[in-house]
Amino acid sequence: MTASTGRGLLHLAAAVDQPDTYEADPYLTLTRLAERGALDFVTLGDSFGRPGPDALAVLSRVAPATARIGLVPTVTTTHTEPFHVQAAVATLDWVSRGRAGWRPEVSATEEEARLFGRRAAAPAAELWGEAGEVADVATRLWDSWEDDAEIRDVATGRFIDREKLHYVDFQGATFSVRGPSIVPRPPQGHPVTVVDTTQQHAYDVAARHADVALVNAAGPAQAAAVRAGLRRRAAEYGRDPDALRVLAALRIDLGGGEHAAVPGHGGGGPLPSDLGPLYRGGPVDLADLVTAWHRAGAVDGFHLTPVVPRRDLERLVNGTVPLLQHRGLFRTFYPGSTFREHLGLARPANQYAALAGDLS
Amino acid sequence: MTSTAKQPKPRGRRQLNKHIHLAAHFPGVNNTTVWTDPRSRSQIDFASFEHLARTAERGLFDFFFLAEGLRLREHKGRVHDLDVVGRPESLTVLNALAAVTERLGLAATVNATFNEPYETARRFATLDHLSGGRAAWNVVTSSDAFTGENFRRGGYLDRADRYTRAAEFVATARELWDSWTPEGQPRPFAHTGQHFDIEGEFTLPRSPQGHPVVIQAGDSPEGREFAASAADVIFTRHGTPEAGRAFYADVKGRLAKYGRTAGDLKIMPGVTVVLGDTAAEAQERAAGIRRQQVSPQNALLTLEQIWGVDLSSYDPDGPLPDIDPVVDSGLSQGRTKRGDPRAVAEQWRALSRAKGLSIRQTVIETTTRQSFIGTPQAVAAELDEFVQSDAADGFILVPHLTPSGLDEFVDQVVPLLQERGAYRTEYTGTTLRSHLGLKEPVPPAREEGLTA
Ligand SMILES: Cc1cc2nc3c(=O)[nH]c(=O)nc-3n(C[C@H](O)[C@H](O)[C@H](O)COP(=O)(O)O)c2cc1C
Numbered sequence: 001m002t003a004s005t006g007r008g009l010l011h012l013a014a015a016v017d018q019p020d021t022y023e024a025d026p027y028l029t030l031t032r033l034a035e036r037g038a039l040d041f042v043t044l045g046d047s048f049g050r051p052g053p054d055a056l057a058v059l060s061r062v063a064p065a066t067a068r069i070g071l072v073p074t075v076t077t078t079h080t081e082p083f084h085v086q087a088a089v090a091t092l093d094w095v096s097r098g099r100a101g102w103r104p105e106v107s108a109t110e111e112e113a114r115l116f117g118r119r120a121a122a123p124a125a126e127l128w129g130e131a132g133e134v135a136d137v138a139t140r141l142w143d144s145w146e147d148d149a150e151i152r153d154v155a156t157g158r159f160i161d162r163e164k165l166h167y168v169d170f171q172g173a174t175f176s177v178r179g180p181s182i183v184p185r186p187p188q189g190h191p192v193t194v195v196d197t198t199q200q201h202a203y204d205v206a207a208r209h210a211d212v213a214l215v216n217a218a219g220p221a222q223a224a225a226v227r228a229g230l231r232r233r234a235a236e237y238g239r240d241p242d243a244l245r246v247l248a249a250l251r252i253d254l255g256g257g258e259h260a261a262v263p264g265h266g267g268g269g270p271l272p273s274d275l276g277p278l279y280r281g282g283p284v285d286l287a288d289l290v291t292a293w294h295r296a297g298a299v300d301g302f303h304l305t306p307v308v309p310r311r312d313l314e315r316l317v318n319g320t321v322p323l324l325q326h327r328g329l330f331r332t333f334y335p336g337s338t339f340r341e342h343l344g345l346a347r348p349a350n351q352y353a354a355l356a357g358d359l360s
Numbered sequence: 001m002t003s004t005a006k007q008p009k010p011r012g013r014r015q016l017n018k019h020i021h022l023a024a025h026f027p028g029v030n031n032t033t034v035w036t037d038p039r040s041r042s043q044i045d046f047a048s049f050e051h052l053a054r055t056a057e058r059g060l061f062d063f064f065f066l067a068e069g070l071r072l073r074e075h076k077g078r079v080h081d082l083d084v085v086g087r088p089e090s091l092t093v094l095n096a097l098a099a100v101t102e103r104l105g106l107a108a109t110v111n112a113t114f115n116e117p118y119e120t121a122r123r124f125a126t127l128d129h130l131s132g133g134r135a136a137w138n139v140v141t142s143s144d145a146f147t148g149e150n151f152r153r154g155g156y157l158d159r160a161d162r163y164t165r166a167a168e169f170v171a172t173a174r175e176l177w178d179s180w181t182p183e184g185q186p187r188p189f190a191h192t193g194q195h196f197d198i199e200g201e202f203t204l205p206r207s208p209q210g211h212p213v214v215i216q217a218g219d220s221p222e223g224r225e226f227a228a229s230a231a232d233v234i235f236t237r238h239g240t241p242e243a244g245r246a247f248y249a250d251v252k253g254r255l256a257k258y259g260r261t262a263g264d265l266k267i268m269p270g271v272t273v274v275l276g277d278t279a280a281e282a283q284e285r286a287a288g289i290r291r292q293q294v295s296p297q298n299a300l301l302t303l304e305q306i307w308g309v310d311l312s313s314y315d316p317d318g319p320l321p322d323i324d325p326v327v328d329s330g331l332s333q334g335r336t337k338r339g340d341p342r343a344v345a346e347q348w349r350a351l352s353r354a355k356g357l358s359i360r361q362t363v364i365e366t367t368t369r370q371s372f373i374g375t376p377q378a379v380a381a382e383l384d385e386f387v388q389s390d391a392a393d394g395f396i397l398v399p400h401l402t403p404s405g406l407d408e409f410v411d412q413v414v415p416l417l418q419e420r421g422a423y424r425t426e427y428t429g430t431t432l433r434s435h436l437g438l439k440e441p442v443p444p445a446r447e448e449g450l451t452a
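Protein sequence lines correspond, in order, to chains A and B. Using UniProt numbering, you'd call the opening residue of the first sequence number 1 and step up by one each time. Using UniProt numbering, you'd call the opening residue of the second sequence number 1 and step up by one each time.
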């Protein structure tokens, strides 16, 4: 379990995004590489607004060819159907045998709205409110089947105990869903919800719904403050703050030899860039940065986006990770099989089963 | 000698050279699927999908097929509990199956009413890229307020609107699939029509098949017309030789007015097969499966679907009800209707009286007879004859057991079809289009405008 100081398990994740890549193999190569480094999970971004394949599809394609690593596609919630979104994420959990996550995102541009022609573009703040509702209805639909709903009772001829299936009757501001889901409860109960708070307006959704929050920070002190703030907000929403993992988002450019280009850059902290904090230097100093932040209890881990996908991920896995392992900070193998187990997060109780228990 | 010479030359198989196409249907959420059998495994675990897909690929099948239902079926206002229920989302499963198969086509059923063209076209194009050209889309149009309760869109479309929407949906998807230049540059599209008014850029280059294969499953005149104009394959229920030939002639006859030829649209009925070492053993096994499919509870339920009223006080081993059915009672939701209930009830009562059958026996007798029952040799010959006589171009095989239900067929019947020269002995192409012998859609010329 992660202690509240953040000095528990270190969690590492990497982005496997690659420009102009539509076939499976390059994604498979990077994910396998990340899995060789025993990383917690990989992410793959997605947007209707720029070229690229459907991210959830790509990671489904990758799932049977990998064994342990968590798989987190971006899934947009603005122009999609919440019912389809939850079914697809639940299915990713089934085909990966408990390794699915999802990173909700919104589509706020006029261009994206015109691709669908169903609703006008809306402000991101409003759309993140809706994304929160989608996250909410998703967990309800995942719970709409209790784990032991399938009974195969030959004597009564019943395949399921329908008392263990539940309507969700969700009424949101912009949509409603009756339920139950068409997909039985996924192996993890709830696939892992990753919210990128570096997106404006996503902060509250993270505090309320995220299992993993990605944050921007220039140094360990700032990171610690952001983490504390998120945990506080999560507690205000009635959540256990220890059930939230906060990872610093960091772009990494490991092209410059063994050590940092700027002396002290690694240990001192990343440089600001247009796309968020950037570490530029070698794998050794990156290990120092990770170590320093982790020892300071600033964050629960890092989400790393390689600037040059293959090169930087290779250096991370071959250079930085072994050092962290050697220092006893990072796992050398996966003791668990599900993504939640990597994160040290419990399998959630079913909200409807709990309800039924209270009544009896 | 002379008399034989006067006869027309026998229609030699190898000269006809019509190759059978085969597809594997993952067992569905209805009582064709037997879950009580000790060999029955999970409907959900990926291992089950992998098993059937690998079996199909071992049998050199054209494609693997997944159905879809967007709301759990209900009976008497409650979730129906007697049949297998619950399944993973199709496209996600197929993307995963692309990792464990190499040549097999991968077909997903995706509704045109509760989806939007941009997202659907993108998901199929992605599958086509990730599978190296093996994607197929079964465009269904089921649309009712009951299913709509799970969606933003909600509501209901009547049949005419369903098919105009589906036709425009597919046409729009094709515009998106065609939108990038052959050199791999995105090019803007714009579509304005009755149902969709959209514009922008697609996020994927042209996929390996150009357009994923389009399948249609629906039987009304509107459905047939839609298939004739836009589909590559029809998944039909007409699985008997007579009905098959009539359907085949009807649908192929509609092609010319769309500038298409008979080979452009493949007719594949969904069929079931039961094998045995002797004809008698096959019949016995078939009867055993039918008894498994129609449990006492299922027999009453089937009757209630027709009668439209609660019949739980009836004995499944007793006679049929004397009362008349209530039409449109709404007792059952989310399943396809069987025709005029009063006529069906009358037929069934007559049958029961004539043969002295109980409720359960009547249901077994009327609803679940398998399409092909016999020794592997007999079944292979019948399948071949079915196709050579233009009752179909191939079959979507619906096994009753998950996931091992096609093991025997692949081991025992496929080699015989190959011996007859009626079936491929290897995959000659890499794409589903090539397996089906379908033309590659021609990309629009560079200077041609993309605006519809
Ligand atoms: C063989 C067959 C398979 C079908 N499979 C599905 C399915 O998986 N999901 C679905 O929603 N509808 C399915 N349908 C329903 C059709 O898409 C269509 O909505 C229905 O047949 C009514 O259209 P029609 O009036 O043209 O017959 C199927 C229909 C047929 C004939």
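Note that beta-carbon positions come from the ideal geometry of N, C-alpha and C, so glycine has one too.
Can you name, in chain order, every residue of its own chain whose Cβ lies under 7 Å from the Cβ of residue i, other than the five neighbours on each side?
i, result
"ALA207/A", "LEU230, ARG233, ALA234, TYR237"
"PRO53/A", "TYR22"
"LYS257/B", "none"
"ASN216/A", "THR198, ALA249, GLY276, PRO277"
"THR139/A", "HIS190"
"LEU39/A", "LEU12, ALA13, ALA14, ILE69"
"ALA353/A", "GLU146"
"PHE151/B", "PHE114"
Give me the DSSP bridge partner(s) of residue i.
i, result
"LYS266/B", "VAL233/B"
"ILE396/B", "ALA23/B, GLY270/B"
"GLN216/B", "VAL139/B, ILE234/B"
"GLN171/A", "SER176/A"
"LEU12/A", "PHE302/A"
"ASN31/B", "Answer is none; ASN31/B lacks a bridge partner."
"HIS75/B", "ARG78/B, SER332/B"
"ILE198/B", "HIS191/B"
"ASN111/B", "VAL140/B"
"PRO104/A", "VAL75/A"
"GLU150/A", "ILE160/A"
At least one CB of chain A closer than 8 Å to the CB of residue i: is that the case?
i, result
"TRP35/B", "yes"
"ASN95/B", "yes"
"GLU382/B", "no"
"LEU66/B", "no"
"HIS129/B", "yes"
"LEU91/B", "yes"
"ASN138/B", "no"
"LEU70/B", "yes"
"SER104/B", "A small fix is needed here, since residue 104/B is Leu in this sequence, not Ser. Not one chain A Cβ lies under 8 Å of LEU104/B."
"ILE364/B", "no"
Taking CB distances under 8 Å as the criterion, tell me whether residue i reaches chain B.
i, result
"SER337/A", "no"
"GLU23/A", "yes"
"residue 364/A", "This structure cannot speak to residue 364/A, because chain A is shown only from 1 to 360."
"ARG310/A", "no"
"SER60/A", "yes"
"THR43/A", "no"
"PRO53/A", "yes"
"residue 364/A", "A query on residue 364/A cannot be resolved here, the shown segment of chain A reaching from 1 to 360 and no further."
Given residue i, which residues of its chain have a CB within under 8 Å of its CB, disregarding the five upstream and five downstream residues?
i, result
"ARG82/B", "For the sequence presented, residue 82/B should be read as Leu rather than Arg. If we look at LEU82/B and ignore the five residues flanking it on each side, its Cβ neighbours are ASN31, SER295, GLN297, ASN298, LEU301."
Note down, in chain order, each residue of its chain lying with its Cβ closer than 6 Å to the Cβ of residue i, except the 5 sequence neighbours on either side.
i, result
"GLY59/B", "VAL410, VAL414"
"GLU382/B", "PHE372"
Where in the stretch 249-313 of chain B do unbroken runs of the alpha helix (DSSP H), each at least 4 residues long, occur, reported from the N-terminal end onward? Those alpha helix (DSSP H) runs which fall completely within the stretch 249-313 of chain B and span 4+ residues are 279-293, 296-307.
Report the start-end ranges of each beta strand (DSSP E) in the stretch 235-303 of chain A that is 3 residues or longer and not cut off at the edges. Taken in chain order, the complete beta strand (DSSP E) segments of 3 residues or longer contained in the stretch 235-303 of chain A are 245-253, 278-280.
Extract the residue ranges of the beta strand (DSSP E) inside the stretch 24-64 of chain A, only unbroken runs of 3 or more that lie entirely within it. The beta strand (DSSP E) runs of length 3 or more contained entirely in the stretch 24-64 of chain A are, from start to end of the chain, 41-44.
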